[in-house]
Amino acid sequence: MTTTPWRAATFTLAATLSFGLCPAMASSTPLPTGPLGTGPSAAAPAAPAPADGEGAKQAARAPLPEARTDAPSPDVLDVDPARGTTDDATGRATTTFGDAPRIDRDHALGRDAASFDGTNALGYDYADGYEKTSKALTLECTVRFDAPLPDGEDEDTGNLCGAKDAGGYSLTAYGKTLKMVVNVDGTYYSAGVDIEQGLWYHAAGVWDGDTVSLYLNGTKVAEAPAKGKAITPPKEPARKFFVGADTDSSGKPQFNGTGSVAGAAVFSSALSEEQITSRYTKAFAHRTSDQASFALESPAPGKQLTRPTKLKGTIENEDLLARDLTLKLDGKPVALGDEIGPGLKAGSHTLSYSSRDALGADVKGAVEFTSASIPTADGTTQSSGNGSATLTARATNPTGASLRTTFLEGDVATARSAQLGTIPASAFDEEEGVAGDVELADAKSVDDALAPSDGKTLQSQKTSEIPALATKIPFTEDGQSLVWRGEVDPSRAVQLLALNTETGRYEVLDSARGSSDGQVELNGSASRANDDHGSIRTLVLGTDPFADDLAKPVDDSFEDPDDYDFSLMHISDTQYLSQGATGRPTEAERTEWGDAYKDSYRWLAENGEKRKVAFVAHTGDVVESWNSGATDRSVPEKEMEFADGAQKVLEDTGIPNATIPGNHDNLGGADDTLFNETFGPERYEAQEAKDSWKAEGAEYHPWKEGDNSNSYNLFSAGGEDFVTVNLGYSVTEEEADWAAGVLAKYPTRNGIVLTHAYLKPSSSPDGRGGPFSADGQIIDDRVLSKSPNADLVLSGHEHGVNISVRKDVGQKGNDVTELLADYQFYEVGSDELGLTEEGGYGKDTGLRFGSSFFRLLQFDLDKSEVSVDTYSPYLDNFGADEYDPEKRYDGREGDFRVPVQFDGRTTAFTTDAMLGLTPTKDVIGEVTHESREQASATWKGLKGGRAYGWFAVTRDVSRAADPEADRRAALKHGGGSGAGSSGSGAASGSLSEGIVQDGIFTATGGKQHGGGNGGGNGAGHGGGHGHGGGHGHGGGNGGGHGHGGR
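When you line the sequence shown up against mature numbering (1 follows the signal peptide of the UniProt record, and there is no 0), it's residues -26 to -1, 1 to 1020, in that order.
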């Protein structure tokens, strides 16, 4: 971890004092009404009435305030991307860290701005800048925070202008509060106000010797007493000014921000409010007069909605929005692309929308449309025997009135020329589909007619690529249904595609995740564009979503060893334990801190074999006191001596292991000598010679002779071979390229990357999401993106958790699981530890025993999944979230299951049926029934062994029956595409509102019954599936499928 513990404590105290002395200017002070359209004073005369489909027009923007004085020029720092460069106009040398920020025209501001992605930053030589601003200061930044602003006081992604490390100043977002922070005479003071993500702000922080003040958009919004003699600069190595980050103690960027900067400036005087207003007016002088707006397309304004439709609309000037448009239908959240209609009552409905634009103006309005009463599909069942079949359908009328359901016969077109094979993972794209000239590898022809529930199924190849089924189905007419039914694992998916002869590509018609309950069904709509000389060429693909959605309950236990193949222990950032074990004033305290470290390895000695632990990874910061700027070697030497003893407990277990240096082990990346004296290559070469290592095929290799700052290991477990690439803190291009070379040298081994500073912590309760940390971008660019066998990344460095499951890293099919686990700042109460009296704390006090927790990663190689548990042997406690001082997490971040792309991860699917289905005018039966009541019809004269299909068209009973209209309703070309979708308004003829469900089955001679389940998950021989807001139920020998009526 880069932050020393006293730094955070000092800032918190000073901030509390400053706000306490000025309660009216507390950080929660709302933005005042001003010229950005955020309050009533920005209102303009009413705009003209909107056109059909459009909501209310935005009021014209209020004029900028009049500049009553000339805008002064910065005399200490002047960075303005509008000049086409991020160089400082006062001549300061600039260093770019990571990729150079992109300079683009910003629509809202009407000028160029530089964007920072959370990994890059600009550093300016600034030693004399602190001298020039020691007695008075104005810090200005025109800024937009583009990443979500977390709750709490987290600054990890909120630094875009300034530098502070035991001194200095900055404009920083702490959670949702933007603060002007300045260190005066060794104490931090701040003044802040809440802000919003995605809005442009002209922020100016002023210190005049007595008070720290914050101005937003030319208006003072917060101030706090900050009386002192002079601003304290950071320590010598850190005397930089950063745009896009904060400084660490060595003058390198840390806590990188994600956002855009249109200007950064520093003045050696305290500007007046009039001067700041003139600077704001100048910065926003070219702001746009354009406005964001929304227009509804479907349901069509001014027409009555009579069937399910996809919600469609256009957003004009969408790039002006500060956040996504929020849509609500009759007060309930919806999203563009959602199917709406089923369940709507007859009458008027309101679609409302709201957002804010990047200049602070509200973007909101409402559009009204009408609808008929549209039923909701509740599913179908069927059973056949003795030459007949009983068909049922259920639906719900939103008015509660009666319904009429008409059962129609369907013509079945069975698949021909079927082939099984595989295609490369790189050949498929969820948006673009598959090239029309794709050829199946390992192809074999299939004789099965692929009829539904005929007792025959077809098993695809089990492959790490994409298993595929190719067929040809006779084309009948526009709107013909294409139906696939089968089984696939719940962690995988199936895709139904058809060749579009106009585009020359196979396009996705429908897709679904597998189900543990049984079969799933895919249903798509064919058009004339799919007619290839009388046939429709289809592909069914089994795909791997590699999705972080695997269910696992949070509990106080490890997995059953019988349920996994091997495990890996991950421990990190034990620095405070080493520090406490050597630096606490009493022997009793030192013993407790030391036990908290050693108990993890003692637990391993007792439980490693039972828990199948095959490898132990320590991802750095073994000790605390050898970070940037440290000069006294005696303290970290004592900590290293203790860590050496702890490591011997691990080594006595004989389990292969690796330890890498963190920034507190190698002077912030500047010197690995101390680390190598204790954890040098000779230590691991001695372990490599042990029989226990040899038994696992374990090897150790330093990246250079005599230097263990980087290394790699080989080991085998669970029948698979692994290579770990171990990268210490401050990864260089040379080191990253070396790591990629190691992974390339062992292409058949599963790759694990161990590194110190890869991810920043998540602020989400479940531990998901967060940007790269200091070494993340270079490892991603130069190692992961170039290494298809890099499967797993483990890291520490910044306290907290981040669970990242990424697809297609660098290339299609290259999926990587990335896990940050660092508990160093987690605090355990001195009462729980029994140290309140011994340590002289006087009351229950939080002590940083968090690194007594480790993670156990338990790998199921058959499923290529890893189950993770967090445990502290010292506390005998599962789950560390209760000790997080920021209270960010809810337990799911420490007890979870995620996919991992080891060699054994494969995909397969089983096909029961693949066919085409076209409705006819032949009526099987017509039933009037109550809402939610089952409608039933008997279909007679069926031949055993033949495939049959049928449709159930359900409408309000008040609507006239018309077999041709029902047939058109069952065809899917009425303005829609894909299962369950349609255009808006009424179709031709007498078609009125309704929904359609369908089913397929193979008739049998003897009477059979089977149960079905909604969502396309049939049981026994049946399968069902519902669209149009309902759920289908399959039964007997077939299944049901619902879609929106036409």
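Glycine included, each C-beta is placed from N, C-alpha and C at the ideal position. Computed from a predicted structure; not experimentally measured.
- Per DSSP, reduced to three states, the secondary structure at GLY384 is strand.
- In the structure shown, LYS446 adopts extended strand secondary structure according to DSSP, grouped into three states.
- The beta-bridge partner set that DSSP reports for GLU907 is empty.
- In summary, GLU461 is buried, with 16 or more beta-carbon neighbours lying within 10 Å of its beta-carbon over all protein chains present.
- Rounded to the nearest whole angstrom, the C-alpha separation of ASP139 and ASN94 is 19 Å.
- GLY923 is bridged by DSSP to GLY384 and ILE974.
- Taking one beta carbon from each stretch, the region 887 to 901 and the region 384 to 399 have 3 or more pairs nearer than 8 Å; the two touch.
- THR283 has ILE314 as its beta-bridge partners, per DSSP.
- In the structure shown, GLU105 falls within a helical segment according to DSSP collapsed to helix, strand and coil.
- A straight-line Cα-Cα distance of about 44 Å links PRO316 and GLY774.
- DSSP links ILE726 through a beta bridge to THR698 and LEU766.
- Between the region 504 to 513 and the region 437 to 454 there are three or more C-beta pairs closer than 8 Å, enough to call the two in contact.
- Taking C-beta atoms as the reference points, GLY750 and TYR732 count as a pair closer than 8 Å.
- The straight-line gap separating the alpha-carbon atoms of GLU313 and ALA500 is approximately 19 Å.
- Rounded to whole angstroms, the separation of the alpha carbons of PHE268 and TYR98 is 43 Å.
- The C-beta separation of ILE898 from ALA911 comes to about 5 Å, placing the pair in contact by the 8 Å criterion.
- Under the criterion of beta carbons closer than 8 Å, GLY784 and LYS817 do not qualify as touching, at roughly 53 Å.
- Nearest to LEU295 by alpha-carbon distance, out of ARG261, GLY287 and VAL337, is VAL337.
- By DSSP's assignment, ASP506 forms a beta bridge with SER509.
- Inclusion of ARG871 and LEU542 in the CB contact set at 8 Å is not warranted, their separation being larger than that value.
- A distance of 8 Å or more separates the beta carbons of ARG297 and TYR550.
- Membership of ILE77 in the beta strand (DSSP E) is indicated by the continuous run 76 to 80.
- Around the beta carbon of ASP606, a 10 Å sphere encloses fewer than 16 other beta carbons of the protein chains shown; the residue is thus reported as exposed.
- Contact between SER362 and TRP913 holds: their C-beta atoms lie close to 6 Å from each other, under 8 Å.
- Residue state for SER465 is assigned as coil, using DSSP reduced to three classes.
- Ranked by how close their Cα comes to the Cα of ALA423, the residues ALA935, ILE969 and ARG920 have ARG920 in first place.
- A direct Cα-Cα distance of roughly 32 Å separates ASP428 from GLY878.
- With fewer than 16 other Cβ atoms from the protein chains shown falling within 10 Å of its own Cβ, GLN433 counts as exposed.
- Residue state for PRO441 is assigned as strand, using DSSP reduced to three classes.
- Nearest to ARG79 by alpha-carbon distance, out of PRO124, GLY853, THR902 and GLY58, is GLY58.
- Cβ neighbours of THR379 within its own chain (closer than 6 Å, five residues either side excluded): ALA367, VAL901, ALA909, ALA926 and THR928.
- Around the beta carbon of PRO745, 16 or more other beta carbons sit within 10 angstroms, so the residue counts as buried.
- Here TYR538 really is in contact with ASP834; their C-beta atoms are around 5 Å apart, less than 8 Å.
- Separation of the CB atoms of ALA266 and GLU290 is rounded to 7 Å, and the pair is thereby assigned contact status at 8 Å.
- Judged by beta-carbon spacing, ALA257 lies beyond the 8 Å limit of THR477, meaning their Cβ atoms are not closer than that value.
- Runs of the beta strand (DSSP E) lying entirely within the region 328 to 366, each at least 3 residues long, are 336 to 345 and 350 to 359 in chain order.
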